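*Asks:* Let me give you the structure first, and then I'll get to my questions.
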Amino acid sequence: MHEFEYNRKLLNRLRLLQGQLGGIERMIRSNRCPYDVSVQFSAADHALHKLVHDVFFESMQKHAAFLLSMLYDKYSACPRILETLDTIKKDFRTYTIFKLPSIITLLCELDHIDDKKQPE
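Position 49 of the sequence shown, counted from 1, bears residue number 43 in this note's numbering, the numbering being contiguous throughout.
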């Protein structure tokens, strides 16, 4: 997905969620039935879930996959790093929205491994 398309989808989902939350606020101010408010909360919860998982999580997966690919090329002659990358790749589809940021951080740290080497 191109950056523009990603931003457009993300902003559309955010606007939808904002509208739903505004509707909930109006319902509460007008003393609507708690059941009706709870239905709207459920819809807003669903919209937030779709925003995080369908748009944001997909973008994080693509970013992590790109980093993995780049690092395989960059460190093709380093068996220890390749072993780590293989482990990450093997479990890639099982990572959750909560685990993926730490995987991306690890991949970024691996990418800068050459920067940390001290000149001899």
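We put the CB at the ideal spot given by N, CA and C, even for glycine.
Computed from a predicted structure; not experimentally measured.
(1) Alpha helix (DSSP H) containing Leu45: first to last residue?
(2) Considering only residues of the same chain and omitting the five flanking positions on each side of Leu101, which have a CB-CB separation below 6 angstroms?
(3) Exposed or buried, what is Val49 when buried is set at 16 or more other beta-carbons lying within 10 Å of its beta-carbon?
(4) Give every residue of the same chain whose Cβ lies closer than 6 angstroms to the Cβ of Phe(-2), excluding the five residues on either side of it in the sequence, and list them in chain order.
(5) When the Cα atoms are used, what is the spatial distance from Pro95 to Tyr66?
(6) Compare the Cα-Cα distances from Tyr0 to each of Ala59, Val33, Phe35, Phe51 and report the closest residue.
(7) Roughly how many angstroms lie between the CA atoms of Leu79 and Gln34, to the nearest whole one?
(8) Just mark Ala58 as buried or exposed, buried being the case when its beta carbon has 16 or more other beta carbons within 10 Å.
(9) List the whole-angstrom C-beta distance separating Ile91 from Val46, where the pair is believed to meet the contact cut-off of C-beta under 8 angstroms.
(10) For Leu15, which residues of its own chain have a beta-carbon under 8 angstroms away from its beta-carbon, when the five flanking residues on both sides are left out?
*Replies:* So, to answer that:
(1) Per DSSP, Leu45 belongs to no alpha helix (DSSP H) and is neither H nor E.
(2) Taking C-beta separations shorter than 6 angstroms and ignoring five residues to either side along the sequence, the partners of Leu101 in its chain run Leu61, following chain order.
(3) A residue is called buried once 16 or more other Cβ atoms fall within 10 Å of its Cβ, and Val49 is buried on that count.
(4) If the five residues before and after Phe(-2) are omitted, its C-beta is found closer than 6 angstroms to no C-beta atom of its own chain.
(5) As the crow flies, the alpha-carbon of Pro95 is around 19 angstroms from that of Tyr66.
(6) Looking at the Cα atoms, Phe51 is the closest of the given residues.
(7) A direct Cα-Cα distance of roughly 44 angstroms separates Leu79 from Gln34.
(8) Classified as buried, Ala58 has 16 or more neighbouring CB atoms from the shown chains inside 10 Å of its CB.
(9) Yes, they are in contact, since the Cβ atoms of Ile91 and Val46 sit about 6 angstroms apart, within 8 angstroms.
(10) Within its own chain, the residues whose Cβ lies closer than 8 angstroms to the Cβ of Leu15, once the five positions on either side in sequence are excluded, are Ala38, listed in chain order.
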